[in-house]
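Undergrad: Residue numbers (this note's numbering), protein chains in the order written: chain P, 1 to 576; chain H, 1001 to 1576.
Just so it is clear, CB atoms sit at the ideal spot from N, CA and C, and this is done for glycine as well.
Note that this is a predicted model, so its numbers are computed, not measured.
Below you will find the structure I want to go over with you.
2 protein chains.
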Amino acid sequence: LDGLKNFRQWDSLTPGHPEVHHTPGIETTTGPLGQGISTAVGMALAEAQLAEIFNTEDHTLVDHRTYVIASDGDLMEGVAAEAASLAGHLGLGKLICYFDDNKITIDGGTDLSFGEDVGKRFESYGWQIITVEDGEDLAALRTATHEAQRNLTQPTLIMVRTIIGIGSPNKAGKSAAHGSPLGEQEIELTKAHYGWPTDASFLVPADVAEHMGKAVARGQRDQASWQETFEAYASANPEKGAEWSRRMSGQMPEGWDQNLPQFEEGGSLATRKSSAKVLGELMGRLPELVGGSADLAGSNGTKHPQYGTVSRGSYTGQTIHFGVREHGMAAICAGMVLHGGFRPFCATFLVFTDYMRPAIRLAALMKQPVIYIMTHDSIGLGEDGPTHQPVEHLSALRAIPNVHVVRPGDANETREAWLYAMRRTDGPTVLVFTRQGVPTQNAQAVGHNPQKGAYVLAGDDQKAPEAILMASGSEVSIAMAARDMLEAKGTATRVVSVPCMEAFLAQDADWQQAVLPSDVRCRVAVEAATDMSWHRFLGFEGVFIGMKGFGASAPAKVLFEKFGITAEAVAAAANR
Amino acid sequence: LDGLKNFRQWDSLTPGHPEVHHTPGIETTTGPLGQGISTAVGMALAEAQLAEIFNTEDHTLVDHRTYVIASDGDLMEGVAAEAASLAGHLGLGKLICYFDDNKITIDGGTDLSFGEDVGKRFESYGWQIITVEDGEDLAALRTATHEAQRNLTQPTLIMVRTIIGIGSPNKAGKSAAHGSPLGEQEIELTKAHYGWPTDASFLVPADVAEHMGKAVARGQRDQASWQETFEAYASANPEKGAEWSRRMSGQMPEGWDQNLPQFEEGGSLATRKSSAKVLGELMGRLPELVGGSADLAGSNGTKHPQYGTVSRGSYTGQTIHFGVREHGMAAICAGMVLHGGFRPFCATFLVFTDYMRPAIRLAALMKQPVIYIMTHDSIGLGEDGPTHQPVEHLSALRAIPNVHVVRPGDANETREAWLYAMRRTDGPTVLVFTRQGVPTQNAQAVGHNPQKGAYVLAGDDQKAPEAILMASGSEVSIAMAARDMLEAKGTATRVVSVPCMEAFLAQDADWQQAVLPSDVRCRVAVEAATDMSWHRFLGFEGVFIGMKGFGASAPAKVLFEKFGITAEAVAAAANR
Chain P
1 LDGLKNFRQW DSLTPGHPEV HHTPGIETTT GPLGQGISTA VGMALAEAQL
51 AEIFNTEDHT LVDHRTYVIA SDGDLMEGVA AEAASLAGHL GLGKLICYFD
101 DNKITIDGGT DLSFGEDVGK RFESYGWQII TVEDGEDLAA LRTATHEAQR
151 NLTQPTLIMV RTIIGIGSPN KAGKSAAHGS PLGEQEIELT KAHYGWPTDA
201 SFLVPADVAE HMGKAVARGQ RDQASWQETF EAYASANPEK GAEWSRRMSG
251 QMPEGWDQNL PQFEEGGSLA TRKSSAKVLG ELMGRLPELV GGSADLAGSN
301 GTKHPQYGTV SRGSYTGQTI HFGVREHGMA AICAGMVLHG GFRPFCATFL
351 VFTDYMRPAI RLAALMKQPV IYIMTHDSIG LGEDGPTHQP VEHLSALRAI
401 PNVHVVRPGD ANETREAWLY AMRRTDGPTV LVFTRQGVPT QNAQAVGHNP
451 QKGAYVLAGD DQKAPEAILM ASGSEVSIAM AARDMLEAKG TATRVVSVPC
501 MEAFLAQDAD WQQAVLPSDV RCRVAVEAAT DMSWHRFLGF EGVFIGMKGF
551 GASAPAKVLF EKFGITAEAV AAAANR
Chain H
1001 LDGLKNFRQW DSLTPGHPEV HHTPGIETTT GPLGQGISTA VGMALAEAQL
1051 AEIFNTEDHT LVDHRTYVIA SDGDLMEGVA AEAASLAGHL GLGKLICYFD
1101 DNKITIDGGT DLSFGEDVGK RFESYGWQII TVEDGEDLAA LRTATHEAQR
1151 NLTQPTLIMV RTIIGIGSPN KAGKSAAHGS PLGEQEIELT KAHYGWPTDA
1201 SFLVPADVAE HMGKAVARGQ RDQASWQETF EAYASANPEK GAEWSRRMSG
1251 QMPEGWDQNL PQFEEGGSLA TRKSSAKVLG ELMGRLPELV GGSADLAGSN
1301 GTKHPQYGTV SRGSYTGQTI HFGVREHGMA AICAGMVLHG GFRPFCATFL
1351 VFTDYMRPAI RLAALMKQPV IYIMTHDSIG LGEDGPTHQP VEHLSALRAI
1401 PNVHVVRPGD ANETREAWLY AMRRTDGPTV LVFTRQGVPT QNAQAVGHNP
1451 QKGAYVLAGD DQKAPEAILM ASGSEVSIAM AARDMLEAKG TATRVVSVPC
1501 MEAFLAQDAD WQQAVLPSDV RCRVAVEAAT DMSWHRFLGF EGVFIGMKGF
1551 GASAPAKVLF EKFGITAEAV AAAANR
């Protein structure tokens, strides 16, 4: 969070790539290629859903296009392919993308590496294709745009043939005009080519100033007219009007967090299943909670068909079938939350966060509260084997600034994890759930404590113990069993459940000290993952029990034994 | 490495997904969707290059197809789109992909999320498309395969319409036949449908056994015949024959690592530039060193056109233009090394390893020594801003088992980093380089020490110091300047350069103790990145100087100052 404070210092600088919240008019952060068009698909989907929900026969509250300018580099990225394919599948007719087809990449001509028939490819996704032969031909661009606007059932790709660095006598049409400045001399030559005074800097020609001045007035007029529409709408439909204002403000309705599922001690429930229960309940209360899975809805616990499903021409449902497109899915969710009116979630197996990282990182940088539901969170998933078993992912996600990773240890911690994620407004949360059953702990001891990131689950919380056992997720029950062994031999042992390191590190020093007294150096951490993120809590004397490499294909129980992640190992480490 | 030892324990188990090295006949590890087809593109490219280099008019040493079976899930993944597009661009005619078009995903019919015209899409990439209407029609499959084989200038997609779980009376054609077992009763019904004995388990029908038995004999015949060809070839072309054997064995030629560039103390050189020098030298000595960049060749220092460039119909060059396809690039490199005869490298900015992670992880799991050249490694890249500035990536990459991350601190460390990467044979190496200049340190003190992961760069290496300053990459020079300040005030200070944590952790305890004496607790680590991976070396008493969040857009010098990553800050921390 310190980093974020630093970040604000830089608001006065012009970012090197477009960054939302820094420069007026910037609607999303781009730069990493393919992210812009993919985020835009989420914005267009958000518009389609809100239009369907809120517009009435008499009043049109929501009716705007999402415009994208994309380069060949953007279109080469896989994430763009994923998102564009889904946009075509869903028929997002208000999405219009101008392809800046300048035939130049940084390394040279696109013929070095990009031989695709781009139009045909987008046609295969179900897009309308329009070609503009000359990017300087404003009339042709206008005609193309109008044609795109008229098609309400297909997204449109307008392929605009352009010349990079146009007007620069020596660099136009060359890759030299891409990544580096033209240079002083070439700038002068370019100004001369345009008939501009060569010594003027940041020149705004009079006709441009006039044109843009009109844009401001037009914008104000449009906004006033929309405001009028909204007032008429709200007085004709007071409930809908209030709901619109609520959703766009990001406020959740009164009582949304009351009487959520409570789980009794004992029994065994996979946290993905307790998550499904809580999510199902929340979706009923919060229509803005919209999302889905990358083709693992049943496994991820995101299958709640009673709240409807988004499909081509019918956008109101709360479930989106993203297909096997993890990266596009994450970018689309960022677009929905940037649009406003949504709290999107998306889901897959934890190991596949690897596919989503560029979009997760951008959500963190943009401070967008997307929720990622990541199940099958360790070797505990069993027979699927090491390709599906995350071992480094908890550390790797905890490493991303402003991403909070919550891995609850039982069903009640899962409820609290959801509350924590829903209350975050300034960044994304990764919710990490087991495939396999885990016992429900003492609900009293859990309480709302998980929201503080780490807390004393068992043992005297007033008196410093001889040993501290730290754990998250499915390993909390291993730590509890290890504590029984240690206490039986007379060692005063505390179990600290650590569902969220980021939340714990944000607590005041008193809480941190109360939970992890700094003079108790006999510490063992247990997590069915690699150790990197635990060392800060272990110091040189502490011991980590977990994974040292990749997993293997076998039932969960066998794997925990074979990899030595057991209560016996934890107790033995504490004894040592 | 302990993890890898564990890993071997499991060789006797059948993996849940195909894993190379575990089951005979498995040529690559798949499971994470899209990786198989993308890896296959690398295999096909390897075949094309070796065929061009080694075949003569009289002897054909290399002439094989690469066959892929891909699902709709594979084809939905962006990585598959990237790799397939490049395969079409390069005209890899010996790549043949059967698309298992069963219209079923885990969540239900493909109509939920996958409305593409797949054939048209692959046509847009430049592939040949053949359709087989019935996956049970062996004659049609054979005809299609022959047609695919005849086309040597385009990869072929054979779209095979199939029924998932065919023969199962209640689950055929349904998603129930995808992710979970049929169940005992349904298995019996299915066997009954096929007219098989319902109580037989692992039944191999006689005609199948006969057919497969012939395959074994045919394989032996083919291998013997190839061996004959090779012997004739080697006797007619002894140099080429020896070179073939050398390359396929993975042995590097005598003296490959001698007389590499030495850099004199002083001066300032970006490590990406010293890397470019060393790489250029190595490419001249090692024709198997083949690779390129995702459209940043100049920036990454991988522009060595004197060794030729791969293009459609001409595959011998050592440079590949991957286009802006980081993920596909990484998977293709894994395929080349799996094929044999290559030491592939690929390059982009460090921040974009996020796009490549699934393929990096698979290379690590498969123990394939791909080399990733990752430049622009910190806020030191400057004006491009936080979207391009890695802060969490060093920790996030260090977290992946069997990935070694080497971030050299100067030009001579860069040479050693390359030697280290080239000598690795059992896993991938990420080479991390600066954009900005860094001073060259005392070459004597550097020596070959970087290969041990961490070493004493300055200060008495026999006597335990009062303070230890640890650093990697561009921050080594900051630690050196901080040492000057501390020594000037009489504090005996050691600078430990840490180019590779994984290499250091693999050293014996004596070396580790000699470099980082365990009783010296006054330790400061400095790295222009977040702290996670450093805590294990800092303990509770140590201090980390680095990033706490995302970067910003400004010149490198300004950023280091503003984020407090300075010699003054390091010295002050040590004094505290």
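Please list the terminal residues of the continuous alpha helix (DSSP H) segment that includes H:Met-1356.
TA: Here the alpha helix (DSSP H) through H:Met-1356 covers 1353–1366.
Undergrad: Specify, as a first and last residue, the run of the beta strand (DSSP E) that H:Phe-1349 falls within.
TA: Its beta strand (DSSP E) spans residues 1345–1349.
Undergrad: Residues of the segment 1361–1375 of chain H with a CB closer than 9 Å to any CB of chain P: list them in chain order, please.
TA: Answer in chain order: Arg-1361, Leu-1362, Ala-1364 and Leu-1365.
Undergrad: Count the other CB atoms, across all protein chains shown, that sit within 10 Å of the CB of H:Tyr-1098; report buried if there are 16 or more and exposed otherwise.
TA: Burial call: buried.
Undergrad: So what does DSSP say about P:Val-446, is it helix, strand or coil?
TA: Helix, per DSSP.
Undergrad: For the putative contact between P:Asp-58 and P:Ala-236, defined by C-beta atoms under 8 Å, what is the C-beta separation to the nearest angstrom?
TA: Between P:Ala-236 and P:Asp-58 the Cβ distance is about 7 Å, and since that is below 8 Å, they are a contact.
Undergrad: So who's on the other strand from P:Gln-128, going by DSSP bridges?
TA: Answer by DSSP bridge pairing, in chain order: P:Thr-156.
Undergrad: Going by DSSP, what residue range makes up the alpha helix (DSSP H) through P:Met-485?
TA: That run of the alpha helix (DSSP H) goes 476–488.
Undergrad: Check the Cβ-Cβ distances between H:Asp-1519 and every residue of chain P, and say whether any is below 8 Å.
TA: Taking Cβ atoms only, chain P never reaches closer than 8 Å to H:Asp-1519, which makes this a no.
Undergrad: Using only CA atoms, which one of H:Glu-1077, H:His-1021, H:Arg-1121 and H:Gly-1551 lies nearest to P:Ala-294?
TA: That would be H:Glu-1077, whose Cα lies nearest to the Cα of P:Ala-294.
Undergrad: Can you give me, in chain order, the residues of the segment 96–111 of chain P that have a beta carbon less than 7 Å from any beta carbon in chain H?
TA: Flagged, chain order: Thr-105, Ile-106 and Asp-107.
Undergrad: Terminal residues of the continuous beta strand (DSSP E) containing P:Phe-99?
TA: P:Phe-99 -> beta strand (DSSP E) spans 95–101.
Undergrad: Does the beta-carbon of P:Thr-153 have 16 or more other beta-carbons within 10 angstroms, so that it is buried, or is it exposed?
TA: Classification for P:Thr-153: exposed.
Undergrad: What whole-angstrom Cβ distance do H:Ile-1644 and H:Gly-1291 have, given they're in contact under 8 Å?
TA: Summary: the structure shown does not reach residue 1644 of chain H, with chain H confined to residues 1001 through 1576, and so no result is reported for it.
Undergrad: Does the CB of H:Ala-1176 have a neighbour CB from chain P at under 8 Å?
TA: No, its Cβ sits nowhere closer than 8 Å to a Cβ of chain P.
Undergrad: Show which residues of chain H have a CB atom less than 8 Å away from the CB atom of P:Phe-322.
TA: Correct list: Ser-1113.
Undergrad: So which residues of chain H does P:Pro-386 contact, with C-beta pairs closer than 7 Å?
TA: Under the 7 Å cutoff, chain H gives Leu-1365.
Undergrad: Grab the span of the beta strand (DSSP E) containing H:Ala-1467 for me, first residue to last.
TA: Here the beta strand (DSSP E) through H:Ala-1467 covers 1467–1471.
Undergrad: Exposed or buried, what is P:Met-212 when buried is set at 16 or more other beta-carbons lying within 10 Å of its beta-carbon?
TA: With fewer than 16 Cβ atoms within 10 Å of its Cβ, P:Met-212 is classed as exposed.
Undergrad: Whether or not the segment 1502–1509 of chain H and the segment 1475–1485 of chain H are in contact is what I'm after, with contact meaning three or more pairs of Cβ atoms, one per stretch, closer than 8 Å; do they touch?
TA: Counting Cβ pairs under 8 Å, fewer than three are found: no touch.
Undergrad: How would you call P:Thr-23, buried or exposed, if buried means at least 16 neighbouring beta carbons within 10 angstroms?
TA: Looking at its Cβ environment, which holds fewer than 16 other Cβ atoms inside 10 Å, P:Thr-23 is exposed.
Undergrad: Taking Cβ positions only, does H:Ile-1164 come closer than 8 Å to chain P?
TA: For H:Ile-1164, the answer is no, since every Cβ of chain P falls outside 8 Å of its Cβ.
Undergrad: Are the CB atoms of P:Ala-525 and P:Trp-534 nearer to each other than 8 Å?
TA: Cβ distance < 8 Å, so P:Ala-525 and P:Trp-534 count as in contact.
Undergrad: How many angstroms separate the CA atom of P:Tyr-420 from the CA atom of P:Gly-427?
TA: If I take the Cα positions, the gap works out to 12 Å.
Undergrad: What beta strand (DSSP E) runs, 3 residues minimum, are completely inside the segment 1536–1568 of chain H?
TA: Counting only runs of 3 or more, we get 1543–1546.
Undergrad: How about the segment 36–47 of chain P and the segment 1036–1043 of chain H: do they share at least three Cβ pairs that are nearer than 8 Å?
TA: With a cut-off of 8 Å, the segment 1036–1043 of chain H and the segment 36–47 of chain P do not count as touching, because too few Cβ pairs lie within range.
Undergrad: Do the CB positions of P:Phe-114 and H:Gly-1323 come within less than 8 Å of each other?
TA: Yes; because the gap between Cβ atoms is below 8 Å, this pair is in contact.
Undergrad: Counting contacts by CB-CB distance shorter than 8 Å, is H:Pro-1358 in contact with chain P?
TA: Chain P contact via Cβ: present.
Undergrad: Does the Cβ of H:Thr-1425 have 16 or more other Cβ atoms within 10 Å, making it buried, or fewer, making it exposed?
TA: Flag for H:Thr-1425 reads exposed.
Undergrad: Provide the residue(s) that pair with H:Gly-1459 in DSSP beta bridges, ordered along the chain.
TA: None, per the DSSP bridge assignment.
Undergrad: Does chain P have any CB closer than 8 Å to the CB of H:Lys-1277?
TA: Closer than 8 Å: no.
Undergrad: For the beta strand (DSSP E) that P:Val-430 lies in, which residues bound it at each end?
TA: Residues 429–432.
Undergrad: Give the range of the alpha helix (DSSP H) segment to which H:Met-1043 is assigned.
TA: 1035–1054 is the extent of the alpha helix (DSSP H) around H:Met-1043.
Undergrad: Verify the CB distance criterion: does H:Pro-1408 have a CB-CB separation below 8 Å to chain P?
TA: No, H:Pro-1408 does not count as interfacial toward chain P.
Undergrad: Count the CB pairs spanning the segment 1427–1442 of chain H and the segment 1257–1271 of chain H that are closer than 8 Å, and state whether there are at least three.
TA: The segment 1427–1442 of chain H, when compared against the segment 1257–1271 of chain H, does touch it at the 8 Å Cβ threshold.
Undergrad: Just to make sure I have the definition right: I need the residues of chain H whose C-beta is within less than 8 Å of the C-beta of P:Thr-14. Which are they?
TA: Per Cβ cutoff of 8 Å: Ser-1553.
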